[in-house]
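Position in the sequence shown (first residue = 1) + 63 = the working numbering. No residue lacks a Cβ here, since even glycine has one placed at the ideal position from N, Cα and C. Presented below is the structure to which this report refers.
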Amino acid sequence: RYLVRMQMDPGTYVIRQISALGAAFPIFGNFTLSLDTPFTAGGPGVTYLGFVSGQVLEGQAGKPPAGPPLPVIDQAVSGASTGTFEVAITDRYDEDVSVFRARFPALKTVEIGKAVLPPFGRTGALALPAAK
């Protein structure tokens, strides 16, 4: 689990991608999850955008790979070049805000708004229903 926080001026932004490194010596796989998800940052305040999770599954024809093809052996063995991402953007506001407040004490008394990103959907990508 990674907590991401950003200070931003008001405006419209796009979360282009999330990158990750999967390492189990001697194999290192580079993974890239392309989201291309727009959102708008309003005025002053703190806003929760949701919980993003991605799972690499066996690749399927026509679906984008979970990472680049090179270096060939590391990317293939790790599943980055041979797999594809299954992605879910869910609303776990209560749980996630509790974790943020525990990690960042300055948020304990701050009101945190909610503007969960839309469900993930892209040609060639899988979309998961929201968790219950």
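Close beta carbons around residue i, own chain, < 7 Å, minus the five adjacent residues each side
i	result
D157	none
P132	Q138 and S144
T80	Looking at the sequence shown, residue 80 is not Thr but Gln. Taken in chain order, the residues that qualify are T95, L96, S97 and L98.
G122	P128, T145, G146 and T147
Inter-residue spacing [alpha-carbon to alpha-carbon] between residue i and residue j
i	j	result
S141	T172	43 Å
L170	F114	18 Å
F148	S161	28 Å
G125	R64	29 Å
G108	P101	19 Å
Residue i at chain D interface by Cβ criterion, 9 Å
i	result
P107	No chain D is present in this structure, which holds just one protein chain.
Bridge-paired residues (DSSP) for residue i
i	result
G142	Per DSSP, none; premise fails for G142.
Buried or exposed by the 16-neighbour rule on C-beta atoms within 10 Å, applied to residue i
i	result
F183	buried
G130	buried
**Message:** Extract the residue ranges of the alpha helix (DSSP H) inside the region 93-132, only unbroken runs of 4 or more that lie entirely within it.
**Reply:** none
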